[in-house]
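K.L.:
Number of protein chains: 2
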Amino acid sequence: MKVTIKEIAIDAGVSVSTVSRVISDSSKISESTKERVREAIKRLNYKPNIMARGLVKKKTAVLGVIMPEEAIKLFSSPFFIEVMQGISLKAKEKNYYIMYDFCKNEKEEYESTKKLLESGFVDGICLMSTRKEDKSIEYLKKMEFPFVVIGEPEKKDSTLWVDNNNSKAAYEAVKKVMSKEPKNSKIAFIGADEKLTMTINRMKGFQLSAKELGLTSEVYLGNEFSREEGYRLAKEIFKTENQKNFIILEDNLLKGFLQYLEEKTIFDVNIASFNKTNLKDIWREKVFLIDIKPEKLGDAAVSILVDSIEGKLETASRVIDISM
Amino acid sequence: MKVTIKEIAIDAGVSVSTVSRVISDSSKISESTKERVREAIKRLNYKPNIMARGLVKKKTAVLGVIMPEEAIKLFSSPFFIEVMQGISLKAKEKNYYIMYDFCKNEKEEYESTKKLLESGFVDGICLMSTRKEDKSIEYLKKMEFPFVVIGEPEKKDSTLWVDNNNSKAAYEAVKKVMSKEPKNSKIAFIGADEKLTMTINRMKGFQLSAKELGLTSEVYLGNEFSREEGYRLAKEIFKTENQKNFIILEDNLLKGFLQYLEEKTIFDVNIASFNKTNLKDIWREKVFLIDIKPEKLGDAAVSILVDSIEGKLETASRVIDISM
DNA sequence: ATGAAAGCGCTAACAG
DNA sequence: CTGTTAGCGCTTTCAT
């Protein structure tokens, strides 16, 4: 049988309320009894029962994480694993537990969110992605339940969110690419999914920067973030154009793109691409990789969420600077 | 304020215990009152408080999952995401919640396991990987706490585990490779990390099969599961040998291996490789991919664990058949 | 500075 | 079939 607060009380010769106070390190307990109680706790290896505590405090120290399967397909899964690592690590630091739930579609997401909230199991919820007219967000708002979303949401009013500063990163990526012996004054943006906020924001930064530098810019958008699309786009571009400078939105596109270049032995290019990934030696010099630091997103999300739960929210939503 | 069982009782004009019985669908409640109570539950949108229930039943309907960071690096992360999806899905089906915890090293794993168990938060624990002299396993055994481990453990006594039938899969992979117009009677195994049970088992199956077919077999083991090692091994092999038939342990090794072959335009090979991955068109014919179905591992792990928790364990440990 | 007692929301005997 | 009662293990007034 597990040891309870009562047994600690008996062992230390005090009341249960005293033990409880020692646990929360109340200032109105003498050091001597604190000492005694702590010793008993240690010796008997007492761990408070979280369920019991949760019941009375109406706090569980648990965060719920909603994972949309589609998003996992869309982004690369290393991205999500790293976000999750960030979440897990920060939660541990803040003494919170994490519950997660994979959802197959928007409906399931909404239901999981509701269920998690209504069961009283979690103190706050983190949505791993956001969509247009997100029902889960609307629900959480309506219930005034603490939540945070990863990725810039459609409506930003009273919604906590974290994201990379995609626009700035793309802006600087252009400068970076053009700073190293520019081959010519043309630059192209290789991406996919123009509905995605990430795509839109990176495109914005790209265009602004290109304009400032007086470059001729072009945008090529594929249908999805896949190697195949990267390959196809490269093929399309090099059929007619003579591009040299590229911003590539994501690593799958990049890989397909490079594959084409290799096959055609086109090495006279400058590329900046998002997400860290393994490059062959021949590309190390030509491709500048921008690490978007997924684990920082997870870290920041938990920070904000916990602050929100504990009512000490000076932090507004946070934009993670992608350092170069 | 959240609606409680008491309010349902009042609304339906019955006692709280009756409501409780209706919730658990007790056979000793008349259909008429069941009807009435269910109506009230629905109308007032009542959801049982899991904490309260957990406190009295000493069951939480929560499973803990320990994720070792090292393992994530070792295996490819899509593997883990898919295992997690399998876990999540099955847990949902069985009405369990999932808590997870990333651990940086063995010590942290052990501590997380202990903490999870002692806090009374979880009914069972799933270890996402196993090591030699695993302290967490020893602890869980000692505490007689329900747990399951993914991957074949060192000591199998009284330990529930799930794994692929790696040996059989490799056995059949060899037959498969040699069945399609074998180029010659030599076959090589490309792997890494001979300490890993997975490597050992696949190697066993490989060698048995090669022996049965009277093939000359060779084993090449790299230092890690990386593209670079795959490339290096290919280089090493084709410097001196004239191999045609290969079993490759994992997709990173495969990718590096193929890259070398492409560069040297060596296409006269037959390969079977583990894990599904995207292949270029040129390889579709030559490389046979064996899907190890990670989500099935997660699924089976939860099934076994829940059975074990609920005392209805006819299931022993389970080996997932890798279909070809 | 400490203890007694009430109660969080629920389930499970025990009674009838 | 249904109600009454006694906790589960903890925190938190309210006394002292």
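Line order of the protein sequences matches chains A and B. All residue numbers for the first sequence refer to this note's numbering, where the first residue is 16 and numbers rise by one. All residue numbers for the second sequence refer to this note's numbering, where the first residue is 16 and numbers rise by one. For every residue, glycine included, the Cβ atom is placed at its ideal position computed from N, Cα and C.
Is there a C-beta anywhere in chain A that falls below 8 Å from the one on B:Tyr111?
P.N.:
Walking along the second sequence from the start, residue 111 of chain B turns up at place 96. Output row for B:Tyr111: interface = no.
K.L.:
Give me the subset of the segment 115–137 of chain A whose CB atoms are less than 7 Å from a CB atom of chain B, sorted by chain position.
P.N.:
If the cut-off is 7 Å between Cβ atoms, the segment 115–137 of chain A has Tyr115, Asp116, Phe117, Glu133, Ser134, Gly135 and Phe136 near chain B.
K.L.:
DSSP puts B:Met82 in a beta bridge; with which residues?
P.N.:
Along the second sequence, read from residue 1 onward, the residue named residue 82 of chain B stands at position 67. Per DSSP, B:Phe117.
K.L.:
Does any C-beta atom of chain B lie closer than 8 Å to the C-beta of A:Ile165?
P.N.:
If you number the first sequence from 1, residue 165 of chain A lands on position 150. Not closer than 8 Å to any Cβ of chain B, the Cβ of A:Ile165 fails to qualify, so no.
K.L.:
Counting Cβ pairs, one atom from each stretch, are 3 or more of them under 8 Å apart for the segment 313–321 of chain B and the segment 172–183 of chain B?
P.N.:
A contact exists between the segment 313–321 of chain B and the segment 172–183 of chain B.
K.L.:
Hey, would you say B:Leu268 sits closer than 8 Å to B:Gly237, going by beta carbons?
P.N.:
Numbered from its first residue, the second sequence carries residue 268 of chain B at position 253. Numbered from its first residue, the second sequence carries residue 237 of chain B at position 222. Going by C-beta atoms, B:Leu268 is nearer than 8 Å to B:Gly237.
K.L.:
Identify which residue in B:Leu228, B:Thr255 and B:Asp26 has its Cα closest to the Cα of B:Ala188.
P.N.:
By one-based count along the second sequence, residue 188 of chain B stands at place 173. Checked all of B:Leu228, B:Thr255 and B:Asp26; the closest Cα to B:Ala188 is B:Leu228.
K.L.:
If you pair each beta-carbon of the segment 266–285 of chain B with each one of the segment 239–256 of chain B, do three or more pairs fall below 8 Å?
P.N.:
They touch, by the three-pair rule.
K.L.:
Taking the alpha-carbon positions, what's the A:Phe282 to A:Ala86 distance?
P.N.:
Residue 282 of chain A sits at position 267 when you count from the first residue of the first sequence. Residue 86 of chain A sits at position 71 when you count from the first residue of the first sequence. Those two C-alpha atoms are separated by around 33 Å.
K.L.:
Using a Cβ-Cβ cutoff of 9 Å, what residues of the segment 230–258 of chain A are near chain B? List them in chain order.
P.N.:
Correct list: Ser241, Arg242, Glu243 and Tyr246.
K.L.:
Kindly give me the distance between the Cβ atoms of A:Glu84 and A:Lys119, rounded to whole angstroms, as I take these residues to be in contact under 8 Å.
P.N.:
One-based indexing of the first sequence puts residue 84 of chain A at position 69. One-based indexing of the first sequence puts residue 119 of chain A at position 104. That pair is a contact at about 5 Å.
K.L.:
Does the Cβ of A:Gly69 have 16 or more other Cβ atoms within 10 Å, making it buried, or fewer, making it exposed?
P.N.:
Here residue 69 of chain A corresponds to residue number 54 of the first sequence, with the count starting at 1. The residue in question, A:Gly69, is buried, as its Cβ has 16 or more Cβ neighbours within 10 Å.
K.L.:
Roughly how many angstroms lie between the CA atoms of A:Leu104 and B:Lys311, to the nearest whole one?
P.N.:
Looking up residue 104 of chain A in the first sequence gives position 89. Looking up residue 311 of chain B in the second sequence gives position 296. Using only the alpha carbons, I get a separation of about 27 Å.
K.L.:
At a Cβ threshold of 8 Å, is A:Ala67 touching chain B?
P.N.:
The residue given as residue 67 of chain A occupies position 52 in the first sequence. For A:Ala67, the answer is yes, since a Cβ of chain B falls inside 8 Å of its Cβ.
K.L.:
DSSP has B:Lys201 in a bridge; who is on the other side?
P.N.:
Walking along the second sequence from the start, residue 201 of chain B turns up at place 186. B:Lys201 is bridged to B:Thr231.
K.L.:
Going by beta carbon distance, what residues of the same chain come within less than 6 Å of A:Arg242, once the five residues before and after it are set aside?
P.N.:
Here residue 242 of chain A corresponds to residue number 227 of the first sequence, with the count starting at 1. These residues qualify, in order along the chain: Asn267, Lys270 and Gly271.
K.L.:
Which two residues bound the contiguous beta strand (DSSP E) that contains B:Leu294?
P.N.:
As a first step, residue 294 of chain B must be located in the second sequence, where it is residue number 279. Per DSSP, B:Leu294 belongs to no beta strand (DSSP E) and is neither H nor E.
K.L.:
In terms of residue numbering, what span does the beta strand (DSSP E) encompassing A:Ala287 cover?
P.N.:
The residue labelled residue 287 of chain A in the question sits at position 272 within the first sequence. Segment Asn285 to Phe289, the beta strand (DSSP E) holding A:Ala287.
K.L.:
I'd like to know if A:Glu153 contacts chain B, where contact means its C-beta is closer than 8 Å to some C-beta of that chain.
P.N.:
Along the first sequence, read from residue 1 onward, the residue named residue 153 of chain A stands at position 138. For A:Glu153, the answer is no, since every Cβ of chain B falls outside 8 Å of its Cβ.
K.L.:
Thinking just about the alpha-carbon of each residue, which of A:Leu230, A:Ile305, A:Asp306 and A:Asn64 is nearest to the one in B:Lys130?
P.N.:
For this step, residue 130 of chain B is matched to residue 115 along the second sequence. Answer by Cα proximity: A:Asn64.
K.L.:
According to the neighbour-count rule (16 or more other Cβ atoms, all chains shown, within 10 Å of its Cβ), is B:Thr75 buried or exposed?
P.N.:
Sequence index remark: in the second sequence, residue 75 of chain B carries index 60 (1-based). Buried.
K.L.:
For the segment 277–299 of chain B, which residues have a CB atom closer than 8 Å to at least one CB atom of chain A, in sequence order?
P.N.:
The segment 277–299 of chain B vs chain A, Cβ under 8 Å: Asn293 and Lys295.
K.L.:
Can you pull the chain A residues whose beta carbon is under 9 Å from the beta carbon of B:Ile81, in chain order?
P.N.:
Here residue 81 of chain B refers to the residue found at position 66 of the second sequence. Those within 9 Å of B:Ile81 in chain A number zero; the least Cβ separation is about 11 Å.
K.L.:
Check B:Ile307 in the structure and name its three-state DSSP category.
P.N.:
Reading the second sequence from its first residue, position 292 is the one you call residue 307 of chain B. Residue state, collapsed to three classes: coil.
K.L.:
At what residues does the alpha helix (DSSP H) containing B:Val31 begin and finish?
P.N.:
In the second sequence, counting from the first residue as 1, residue 31 of chain B sits at position 16. It spans Val31 to Ile38 - the alpha helix (DSSP H) in which B:Val31 sits, taken as one unbroken run.
K.L.:
Would B:Ala207 pass as a contact of B:Leu264 if the rule is Cβ separation under 8 Å?
P.N.:
In the second sequence, residue 207 of chain B corresponds to position 192, counting from 1. In the second sequence, residue 264 of chain B corresponds to position 249, counting from 1. Result yes, Cβ atoms of B:Ala207 and B:Leu264 sit closer than 8 Å.
K.L.:
Can a CB atom of chain A be found closer than 8 Å to the CB of B:Ser318?
P.N.:
Walking along the second sequence from the start, residue 318 of chain B turns up at place 303. It does not; no Cβ of chain A falls within 8 Å.
K.L.:
Closest by CA to B:Cys141, which one among B:Ser134, B:Glu124 and B:Lys157?
P.N.:
In the second sequence, residue 141 of chain B corresponds to position 126, counting from 1. Measuring from the Cα of B:Cys141, the nearest candidate turns out to be B:Glu124.
K.L.:
On a Cα-Cα basis, can you pick out the residue from A:Lys157, A:Phe162, A:Ile215 and A:Lys291 that is closest to A:Leu78?
P.N.:
In the first sequence, the residue the question calls residue 78 of chain A occupies position 63. It is A:Phe162.
K.L.:
What does a CB cutoff of less than 7 Å around B:Met99 pick up in its chain, not counting 5 residues either side in sequence?
P.N.:
Here residue 99 of chain B refers to the residue found at position 84 of the second sequence. Gly313.
K.L.:
Give me the DSSP bridge partner(s) of B:Tyr112.
P.N.:
Position 97 of the second sequence holds residue 112 of chain B. B:Tyr112 pairs with B:Val77.
K.L.:
According to DSSP, what are the bridge partners of A:Asp139?
P.N.:
Reading the first sequence from its first residue, position 124 is the one you call residue 139 of chain A. Sequence inspection shows Gly at residue 139 of chain A; the Asp mentioned does not correspond to that position. Answer is A:Leu78.
K.L.:
Using only alpha-carbon positions, find the residue among A:Lys171, A:Lys327, A:Asn290 and A:Leu132 that is nearest to A:Val80.
P.N.:
Position 65 of the first sequence, counted from the start, is the residue given in the question as residue 80 of chain A. Here the closest residue by C-alpha is A:Leu132.
K.L.:
Just list the residues that DSSP pairs B:Phe261 with in beta bridges.
P.N.:
Numbered from its first residue, the second sequence carries residue 261 of chain B at position 246. Answer is B:Ala203 and B:Ile286, bridged to B:Phe261.
K.L.:
Hey, would you say B:Ile305 sits closer than 8 Å to B:Ser288, going by beta carbons?
P.N.:
Here residue 305 of chain B corresponds to residue number 290 of the second sequence, with the count starting at 1. Here residue 288 of chain B corresponds to residue number 273 of the second sequence, with the count starting at 1. Yes, they are a contact pair.
K.L.:
Excluding sequence positions up to five away, which residues of its chain have a Cβ less than 7 Å from the Cβ of B:Met158?
P.N.:
Position 143 of the second sequence, counted from the first residue, corresponds to residue 158 of chain B. Once the five neighbours on either side are set aside, the close Cβ partners of B:Met158 are Leu132.
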